[in-house]
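Below is one structure, written out as structure tokens; comments come after it.
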Amino acid sequence: MPKSIVAALQIGALPGGKTETLEQILAWENAIIESGAALVVMPEALLGGYPKGETFGTQLGYRLPEGREAFARYFANAIDVPGVETDALAGLSARTGANLVIGVIERAGSTLHCTALYFDPQAGLVAKHRKLMPTGIERLIWGKGDGSTLPVIDSQVGRIGAVVCWENMMPLLRTAMYAKGIEVWCAPTVDEREMWQVSMRHIAHEGRCFVVSACQVQDSPQALGVEIANWPADRPLIAGGSVIVGPMGDILAGPLRDGAGLLTAEIDTDDLVRARYDYDVVGHYARPDVFELSVDERARPGVRFTT
């Protein structure tokens, strides 16, 4: 059916780590069922955490021993894909009947990736996307994804894809996702700024697609009992701002701020044809005689064995 309910689950990684955070996610099961949501998008780095303000003991040109210890703790809190946490999330998807898109910190050997996982109610874990370009200091702790994890998949709400936080501002990545026929754009993030709302509305309007953005919420340093350099003690580390946007850039729900919640909206994918009547960014409004994009979807391992 073209009409369905989509949702952004605005919660945050908990200080107790991935086990406590997973329990929190699972506790929303009844609320998801009651909402009737067929798709639930959850924030970036929800399982594994987004350690905002952590320096990992790094100065330009050298690294301190305490930074290695901090990274070891962070690595231990990341998840294996697949693993026990993905099994639990697959169960949640099956019980609620909802497709899930969730941001996690994924272990791959001794490297961590900021990853979005896709779950289907019948098939469980069906795909993943590794963030292509970590932003700023994130590059200290996260590896870069490659073109082999850029899925856009069929779901009960339409064709869905996930782009994580600031890679939403990569115009060539957006073009690739549009060309794959994305209908519901999932944007897990930790960006709480007003400008993020502008970006989400722009993507919906540019791609003539629905956008579901889920942002974390994290308490203030004061409430958490920690000190964060150059951050007000009473200001939340992440204040939320989850939002759902229609294909003409109109806000359908949100933004939700300063607390947890399940934000929902009804969408109708039949509206996409109407929206693209005068603007189809990779169709009749493209100029392939002038511009051409090449996307390399091959896996790029550091070592390749040939036998």
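Heads up, the sequence shown is in the UniProt record's numbering, so the first residue is 1 and it goes up one at a time. Idealized CB from N, CA, C, for every residue including glycine.
Would you call the CB atoms of residue i and residue j closer than 8 Å?
i           : j           : result
residue 252 : residue 31  : no
residue 54  : residue 70  : yes
residue 159 : residue 181 : yes
residue 41  : residue 214 : yes
residue 116 : residue 102 : yes
residue 113 : residue 95  : no
residue 303 : residue 184 : no
residue 13  : residue 216 : yes
residue 192 : residue 137 : no
residue 155 : residue 99  : yes
residue 121 : residue 83  : no
residue 179 : residue 124 : no
residue 198 : residue 204 : no
residue 170 : residue 133 : yes
residue 11  : residue 24  : yes
residue 189 : residue 37  : no
residue 85  : residue 46  : no
residue 281 : residue 206 : yes
residue 18  : residue 218 : no
residue 65  : residue 224 : no
Assuming residue i is part of the alpha helix (DSSP H), what are its boundary residues?
i           : result
residue 312 : This structure gives no information on residue 312, because the portion of the chain shown stretches from 1 to 307.
residue 26  : 18-26
residue 240 : That residue, residue 240, is in no alpha helix (DSSP H); its beta strand (DSSP E) goes 238-245.
residue 271 : 271-275
residue 84  : 84-96
residue 35  : 29-35
How is the beta strand (DSSP E) around residue i delimited, first residue to last?
i           : result
residue 3   : 3-10
residue 78  : Unbroken run through residue 78: none, as it is neither H nor E.
residue 129 : 124-130
residue 135 : Run containing residue 135: none; DSSP gives neither H nor E here.
residue 251 : 251-257
residue 261 : 261-268
residue 40  : 39-41
Apart from the five residues on each side of it in sequence, which residues of its chain come closer than 6 Å, Cβ to Cβ, to residue i?
i           : result
residue 107 : 78 and 80
residue 162 : 101, 116, 129 and 186
residue 220 : 234, 235 and 236
residue 60  : none
residue 145 : 130, 131 and 132
Once the 5 residues before and after residue i are set aside, which same chain residues still bring their CB inside 7 Å of it?
i           : result
residue 141 : 56, 71, 74 and 112
residue 26  : 88 and 92
residue 270 : 2
residue 149 : 128, 129 and 130
residue 58  : 67 and 140
residue 29  : 92, 95 and 96
residue 285 : 279
residue 385 : Any question about residue 385 goes unanswered here, given that the chain covers just 1 to 307.
By Cβ distance, which residues of its chain are closer than 8 Å to residue i, with the 5 residues on each side in sequence left out?
i           : result
residue 202 : 249
residue 152 : 159, 160, 161, 177, 180, 181 and 182
residue 167 : 131, 132, 133 and 173
Taking 7 Å as the cut-off, is the beta-carbon of residue i closer than that to any non-hydrogen atom of the ligand SAH?
i           : result
residue 136 : As for the ligand SAH, it is missing from this structure, which has no ligand bound.
_the segment 232-249 / the segment 293-302 touching (three or more Cβ pairs under 8 Å)_ = A contact between stretches requires three or more CB pairs, one per stretch, nearer than 8 Å, and the segment 232-249 fails this requirement with the segment 293-302.
_Secondary structure, beta strand (DSSP E): runs of 3+ residues fully inside the segment 154-235_ = Runs found: 158-162, 184-189 and 210-215.
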